[in-house]
Structure formats: structure tokens, C-alpha cells
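Below: one structure, written as C-alpha cells.
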Amino acid sequence: MESRQEKIAEVESERKDRHSGDEAGGYSGQTHELSAIVSRARQSRWPAVPMEEAYKSIEAVLKEIDPCFKYEPVVALQPGQILAEKITAPADVPTCCKSIKDGYAVLFADGAGDREVIGSSTAGAPFTGSMTNGQCVRVSTGAVVPDCADAVVQVEDTEIVKHDNKEELVIKIKKAPSRIGQDIRKPGDDMRKGDLLFDVGCILSAGEIGVINEIGLKAVAVYRRPKVCVMSTGNELVESMAEEIPPGCIRDSNRPQLLALFKSLGFKPIDAGIAPDRRSDLVVAIKNAFGYASVLVTSGGVSMGEHDLLKDVLENDLGLKIHFGRVWMKPGMPATFATGVIGAELRCVFALPGNPVSSWACAHLFAAPLLRHLAGHLKIYNSRIYVKLADGVKLGERPEYKRAWLQMPDRMTGEMQDEFWKTRQETGQLQKKEQFELLPIAHITGGQLSSRLASTIGANVLLELPQKSDGLAQLERGEIVQAFVIAPI
Ligand SMILES: Nc1nc2c(c(=O)[nH]1)N[C@H]1C(S)=C(S)[C@@H](COP(=O)(O)OP(=O)(O)OC[C@H]3O[C@@H](n4cnc5c(N)ncnc54)[C@H](O)[C@@H]3O)O[C@H]1N2
Ligand code: MOO
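Mapped onto my numbering, the consecutive letters of the sequence shown carry residue numbers 64 to 552.
Structure representation (C-alpha cells):
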């Protein structure tokens, strides 16, 4: 077996091979043709579109792709799977009268007084005889109530009158049933045959999986988890496991981070490795990735450097249509979305910026919604909530998604909550002021440079901050802003 050292050496030698003969040209190369350095565009030809327009482009593509489904045996159902079919109740539940209490099945008309105990109906062993006035049958919770009985009296409302040391022979009903049907679940009380129980798009969790098993289905249609290839691009990247990082190189953190993100969102991420900034290699690597998935998320190589080839490769070498090549936002302005048919299948590429926070934020904001659609989600965007700023914040040139963690107000707990309900009960009115104070408080996670990956640590929201404008250069402590929820609060 290969040792860890040998593996690292092999990876490093592969990396060196990849970078020999780079196409960008440079100070050492003598050439008569214009190099990529001198011939590169000085302005981006891609307009920086507003977020809404970027979302519209993604939504237009979604209309063209239907999520795939499969039939899953109910015993294999997993939380998080999404139903691809409506499910109606195949039969009444319960199918016959069942007792709600441990007690005695009686005749309502008998009222209070002594009853002869003529048998029992317990779980799995129903009473099969018949019963008449003056008699009762001992029943346990969930057991079949004999047809001839029309009420149940709980054991607490009775006392024993006569027994033979083994069985109860006579009991006294101390409190007469208040109505016919007392403590009996009738057929269809829980669900009626034909009731719509689940609609398409229902996300299964423990309760739903329980119901599907309760009604006796064998298999149900669920959407398949979409596959997504994740690729890093860049000559400077080395595998994060490398022990020595050559000068000018860095560990590839985007790929593991995006693989983890897509896994946590319930998709099937596939590692498509690192591709160097060389046109021919990028084409091969991307085509290879399409052998595994129709959605590809790359990072790096989408801005203005001489090595930033991705947009050109997608458009000119692979013939894809670029729907947007820049978005007016931060972090992630050069985010790119391209689609096209390759190998008879519609392919979608999110070519995200290399800055680690930019690729992470754009994966949340752009790639996740498309993948959620493919996974069968009806709600494809993150939930938005209102939060209060813990500190004042300067606004930037572009609308910005700052990383923040939420502090839930102390008032939500214990005594203050009791006080809240008491006031609500006494006045009958919503406590507007208190509700306002109950908003979560957002703490920005330190420096927000797009390179500072540590700004993602502990973040559970992306604050949605407007760009600065005349008269609005900063927001004050305590001001309310919208936030996308990206992790459990
Ligand atoms: N002249 C201009 N320069 C830049 C612009 C611009 O509009 N004009 N845009 C800036 C913005 S905004 C962003 S965001 C970045 C995005 O650049 P690229 O997508 O081309 O990314 P790279 O140049 O390849 O890398 C940027 C940065 O991130 C590091 N990186 C890349 N991949 C990884 C990885 N897999 N793991 C960890 N770190 C990675 C890379 O080393 C660079 O430091 O462009 C600005 N420039
Ligand atoms: O949009 Mo970039 O992410 O500012 O660095």
C-alpha cells in the first residue's frame, strides 16, 4: 500500500506537470504571438446584473428541467426525502371502534352502578362474545371496543366489588359516562379513506415516515437526490492534505467546503478534483465531470486575470450559453451561470469566484436553489427573517451579504416568556412592543474580506445589506435588516 508520504509526493509531481507549459505566457517566454497577458480584456464584457435578474435567469432554466423520481420501499425511507406523489388514505384509521382509555366498555344507558365483568379486550386479543345491560368488558387503551358497547369508563372512575383472586367479577361504575361514545375512537376518526394525507413536495421527517408505515403502503415515489460535481481551478492549488506548500501555493479549501455544503443540503456531491488554469485541461476536466453529473460547480478563474479562462472556455470551447457573467453583489461579483446541451443532456455550470467566501456564499445563493429544485423542493430559496444589528455597519459600493450569527433575545426564555403570555391573556392583545424586542440580534463575524474564510465560522445567516447611497452610508446599532437563514439557529 502506498504510504502517505508517497501519495503526497505523487500529488505534488502531478501538480508540477500540470503547470508546465502554461498558456498565459510570461516574462520568461519569448513569443511572436500576443500572450494572454498582453491581449487580455481591460474591461469585463459581462454586465453586473442585479440579484433579481440573476435569480430570474436561474428560474427560467429550472422550468426546462424536471426533478427525477424513484420508488422507495417504505422500510428504506430516510428523513429529508421528498415525496413525488400525492398520497391518500387507503382505508379508515382506525378501522373499528378502539378504546382511548384503560377501563371498561359499557352501555351508556346503564349509567352508574354495579357491572358484571364478562371478559376482556386487550391489544391483539379482542372480545368476541356479546354483552347486554348490567354487564361490561375490561378494555385497554387501543384495544377493540366490542360492537355491543357504546361508551368506555376509565378505571379511575370505578372500584372493584367482587373478584376470585384472579379475575374481576363485579365492578362499580362510580361516575356514569357523560355521553354515548365517551372515550371511544370511531372508524375514520384519525383519517378517513380517501383523505389527502401528503401532497407532492412534502419533505419527510419522522412523523411523515410513521404515517406512511401506519397506512400499510409498500413503496412511495420520492425524488432522487441530485448529483453535483465540484471542481476547483487554479495553478496555485495543492491538495489540502499536502504537508509542504510550495511558495505561492495554497491549500484547496473551496472544494472540501462546497462538497460539505452540498452534502449538508441533502444533495449528492461528487469530487471532480483540481483543474489547472490551462484551456485544454479545463475542457477535459469539465467534460469528464459531465460524465458524472449534469450540474457542475467550479471555483476560481472567473475575474480579470490572464489565467481567468473559465467564462471563455464555457462559452467558446464548450458552446454553453452564459446567462450571467457578473452579479452586482458582494461577495461573488464575477459569479457565472451557464447552460447548454452536451451529450444530449442539459448541463448547468455555476462558475463561482475563487475567493473562498465568495464561492461559499454564491453556492448558497445561486447553486443551492437550482439543486433544491432538482431535489423536488417547492421552496428553493433560503428563508428570510428580520434581525436587529448588534453593531453599526458601513455600507459598501455593492449590495452585500455579510456573515453573522444570531443571538436569541434572553426574553424568549423562562420567566419573561411566562410574563409575556400572562399579559397577552389579561389584555387579549398582541404585545407589539415586546414582539419587536424579541427579534434576534445579529453579530457580524469579524472582518468581511472575501478571502477571509474564517468569517464563515459560526455564521447562521447572511445579512442582506443595501449598497450605500446618498444619505445612506451606514446602518446603526439596533436597525432592522433582512437575513437569509443558512444554518440552524
Ligand atoms: N481587475 C479585477 N480583479 C478582480 C475583480 C475584478 O472585477 N477586476 N474581481 C475580484 C473579485 S470581486 C473576486 S470575487 C475575485 C474572483 O476571482 P477569480 O474567480 O478569478 O478567482 P481566482 O483569481 O482564481 O482566485 C481568487 C483568490 O481565491 C483563492 N482561491 C482560488 N481557488 C481557491 C480554492 N480552491 N481554495 C482556496 N482558495 C482559493 C486564490 O488563490 C485567490 O487568492 O477576483 C477579484 N479580482
Ligand atoms: O465579489 Mo468579490 O467576492 O468582492 O471578492
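Backbone N, C-alpha and C define an ideal beta-carbon position, used for all residues, glycine too.
**OP:** Identify whether Met-114 lies in helix, strand or coil by the three-state DSSP scheme.
**Re:** helix
Subject >> Whole-angstrom distance between Ile-163 and Lys-238, CA atom to CA atom >> reply: Lys-238 and Ile-163 have their C-alpha atoms roughly 17 Å apart.
**OP:** Leaving aside the five residues before and after Cys-211 along the sequence, list all residues of the same chain whose C-beta is less than 8 Å from its C-beta, in chain order.
**Re:** Leu-170, Ser-193, Met-194, Thr-195
**OP:** Would you kindly check if the distance between the Cβ of Glu-299 and the Cβ of His-311 is under 9 Å?
**Re:** It is Gly, not His, that sits at residue 311 in the sequence shown. Cβ atoms of Gly-311 and Glu-299: closer than 9 Å.
**OP:** Put Trp-468 into one of helix, strand or coil per three-state DSSP.
**Re:** strand
Original post:
Are the beta-carbon atoms belonging to Phe-547 and Asn-418 less than 9 Å from one another?
Top reply: At least 9 Å separates the beta-carbon of Phe-547 from that of Asn-418.
Original post:
Nearest to Val-456 by CA position, among Leu-322, His-506, Leu-437, is which residue?
Top reply: Of the listed residues, the one whose Cα sits closest to Val-456 is His-506.
**OP:** Can you tell me which of the three DSSP states Ser-183 falls into?
**Re:** strand
Original post:
Taking DSSP as the reference, what is the three-state secondary structure of Glu-122?
Top reply: helix
Subject >> Counted within 10 angstroms of its Cβ, other Cβ atoms place Ile-308 as buried (16 or more) or exposed >> reply: exposed
Subject >> Touch test, the stretch 247-257 against the stretch 154-162, Cβ-Cβ under 8 Å, three pairs minimum >> reply: By the Cβ test, the stretch 247-257 is in contact with the stretch 154-162, since at least three Cβ pairs between them sit closer than 8 Å.
Original post:
Candidates Asn-351, Glu-231, Arg-201, Val-224: which alpha carbon is nearest Gln-217's?
Top reply: The residue with the shortest Cα to Cα distance from Gln-217 is Arg-201.
Subject >> DSSP-derived helix/strand/coil call for Ser-366 >> reply: In the three-state reduction of the DSSP assignment, Ser-366 falls in the coil class.
**OP:** Mind the definition here: the stretch 419-439 touches the stretch 319-328 only if three or more C-beta pairs lie below 8 Å; say whether that holds.
**Re:** yes
Original post:
Taking the runs of the beta strand (DSSP E) that are 3 residues or longer, which of them lie wholly in the stretch 205-267?
Top reply: 214-217, 221-226, 231-236, 259-261
Original post:
What residue range is occupied by the uninterrupted beta strand (DSSP E) comprising Arg-447?
Top reply: 447-452
Original post:
CB of Lys-465 to nearest heavy atom of ligand 1: below 8 Å?
Top reply: no
Original post:
So the alpha helix (DSSP H) Phe-190 belongs to, where does it begin and stop?
Top reply: Counting along the chain, Phe-190 sits inside no alpha helix (DSSP H), nor does DSSP assign it H or E at all.
Subject >> Cβ pair Arg-342, Val-376 closer than 9 Å >> reply: When the beta-carbon positions are compared, Arg-342 and Val-376 come within less than 9 Å of each other.
Original post:
Which residues in the same chain as Cys-265 place their Cβ atom closer than 6 Å to its Cβ, once the five residues preceding and following it in sequence are excluded?
Top reply: If we look at Cys-265 and ignore the five residues flanking it on each side, its Cβ neighbours are Leu-146.
Original post:
When the distance is taken between beta carbons, is Ile-443 closer than 9 Å to Phe-554?
Top reply: A question about residue 554 goes unanswered here, because the residues of the chain that appear run from 64 up to 552.
**OP:** In the DSSP assignment, find the beta strand (DSSP E) that holds Ser-295 and state where it starts and stops.
**Re:** 290-296 is the span of the beta strand (DSSP E), which, as asked, contains Ser-295.
**OP:** Say whether the stretch 455-469 touches the stretch 358-369, bearing in mind that this needs 3 or more beta-carbon pairs closer than 8 Å, one atom from each stretch.
**Re:** no
Original post:
So, is Trp-484 buried or exposed, given that buried needs 16 or more other C-beta atoms within 10 angstroms?
Top reply: Counting Cβ neighbours within 10 Å, Trp-484 comes out exposed, since fewer than 16 surround it.
Original post:
Looking only at C-alpha atoms, which of Pro-240, Val-524, Arg-540 sits nearest to Asp-173?
Top reply: Pro-240
Subject >> Sequence-distant residues of its chain with Cβ nearer than 8 Å to Ile-234 (five each side left out) >> reply: Cβ-Cβ distances below 8 Å link Ile-234 to Tyr-167, Asp-177, Arg-178, Val-180, Cys-199, Thr-221, Glu-222, Ile-223, Val-224 in the same chain, with the five nearest sequence neighbours on each side left out; the list follows chain order.
Subject >> Bounding residues of the alpha helix (DSSP H) (the contiguous stretch that carries Glu-33) >> reply: In the structure as shown, the chain begins at 64 and stops at 552. Residue 33 is therefore absent and cannot be evaluated.
**OP:** Kindly examine ligand 1 and report whether one of its heavy atoms sits closer than 8 Å to the Cβ of Ile-313.
**Re:** yes
Subject >> Whether Gln-552 touches Met-471 by CB criterion (9 Å) >> reply: The sequence shown places Ile at residue 552, not Gln. Yes.
**OP:** Drop a sphere of 10 angstroms on the beta-carbon of Gly-97, count the other beta-carbons inside from all chains shown, and report buried for 16 or more, exposed for fewer.
**Re:** For clarity, residue 97 is Leu in the given sequence; the question names Gly instead. Around the beta carbon of Leu-97, fewer than 16 other beta carbons sit within 10 angstroms, so the residue counts as exposed.
Subject >> Contacting residues, own chain, Cβ-Cβ under 6 Å from Pro-289 (five flanking each side not counted) >> reply: Counting only Cβ-Cβ distances below 6 Å, and skipping sequence neighbours, we find Phe-330, Leu-434, Leu-437, Ala-438.
Subject >> Glu-115 burial status per 10 Å Cβ neighbour count (16 or more: buried) >> reply: exposed
Original post:
Within 8 Å: the Cβ of Asn-553 and any heavy atom of ligand 2?
Top reply: Since the first residue shown for the chain is 64 and the last is 552, residue 553 is missing from the structure and cannot be characterised.
Original post:
Rounded to a whole number of angstroms, what is the C-alpha to C-alpha distance between Ile-549 and Val-365?
Top reply: Rounded to whole angstroms, Ile-549 to Val-365 spans 25 Å at the Cα level.
Original post:
Mind checking whether the beta-carbon of Lys-485 lies closer than 8 Å to any heavy atom of ligand 2?
Top reply: no
**OP:** Indicate, with yes or no, if ligand 2 has a heavy atom lying under 8 Å from the CB of Val-112.
**Re:** no
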